[in-house]
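Below is one structure, written out as structure tokens, with a few remarks after it.
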Amino acid sequence: MCNFTLNWYKIPDVSVFSQQTSPQQYSSTATQTATSEGITAIVPLPEHITENYLEIREVSTGFVVTSIEVLSPKNKRPGEGRKAYQLKRKQVLASLSHLVEIDLLRSGKPMLILGEVPVTDYQIIVSRSETRPQGKLYRFSIRGTIPVFRLPLQSEDTEPIVDLQSLLHGIYNRARYYLAIDYNKESVPPLKREDAVWSDTLLHEQGLRSN
24 MCNFTLNWYK IPDVSVFSQQ TSPQQYSSTA TQTATSEGIT AIVPLPEHIT
74 ENYLEIREVS TGFVVTSIEV LSPKNKRPGE GRKAYQLKRK QVLASLSHLV
124 EIDLLRSGKP MLILGEVPVT DYQIIVSRSE TRPQGKLYRF SIRGTIPVFR
174 LPLQSEDTEP IVDLQSLLHG IYNRARYYLA IDYNKESVPP LKREDAVWSD
224 TLLHEQGLRS N
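The opening residue of the sequence shown carries number 24 in my numbering; numbering runs sequentially from there.
This is how it looks when you write it as structure tokens:
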């Protein structure tokens, strides 16, 4: 028997600092003493990481059966967010827990995979504890469908099929993102030329782009 636990660790994308005016200078009537006036400087503060992740735990023991990670922009760019995730990734891979790592971001540096693999826009890694260091790698492009995969659980549990494509379509339609997204704007980061042509044609066919 397993249950699902949503956890997080914290780091802000942006830190905002307020700058106060310099203290007023005072002079003595008895003696005129010149004071040095420093320049405003910002000292580094500790960063707090905020990242959501999903864990499947065994109910009776609390053992983490599977850790599901959906990579964020902070995970894929240099900085504390990437370092923190890389540390956690190593800890999961060194444990008896399965790891499912979902990368649906075209920007940033992908997570390390040993050996030569073809370059694609997105990837999903399913690392079962009993088969490491080997795992399943699902790679796909912006024009392709997200591959379905089995969610690794304990040997006595039935492993469900994860269909992210259907899930994302359902969320997109229920939340009416087609009303909130301006499809006349270009993608960020920019698409490759052939993908941009394909995208433009598709959006015009769907009535989502007027330009």
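Cβ atoms here follow ideal geometry from the backbone N, Cα and C, with glycine treated the same way. Please read these numbers as outputs of a predicted model, since none were measured by experiment.
- Contact between the region 136–144 and the region 161–179 is established, with three or more Cβ pairs separated by less than 8 Å.
- Note: residue 162 is bridge-paired with 146 in the DSSP secondary-structure output.
- Within a 10 Å sphere around the beta-carbon of residue 156 sit fewer than 16 other beta-carbons, which makes this residue exposed.
- The straight-line gap separating the alpha-carbon atoms of residue 60 and residue 190 is approximately 59 Å.
- Within the same chain, 171 come within 6 Å of residue 186 by CB-CB distance, once the 5 residues on both sides are set aside.
- Inter-segment contact for the region 124–133 and the region 90–100 is present: three or more beta-carbon pairs are separated by less than 8 Å.
- Distance between residue 225 and residue 113, taken at the CA atoms: about 40 Å.
- Cβ contact annotation for residue 100 (same chain, cutoff 7 Å, sequence separation greater than five): 131, in chain order.
- Counting along the chain, residue 120 sits inside no beta strand (DSSP E), nor does DSSP assign it H or E at all.
- Around the beta carbon of residue 168, fewer than 16 other beta carbons sit within 10 angstroms, so the residue counts as exposed.
- Note: residue 220 is not bridge-paired with any residue in the DSSP secondary-structure output.
- Each residue's CA atom was taken as its position, placing residue 109 and residue 85 some 23 Å apart.
- Following the DSSP letters along the chain, one finds residue 202 inside the alpha helix (DSSP H) bounded by residues 200–203.
- Under DSSP, residue 184 shares a beta bridge with 173.
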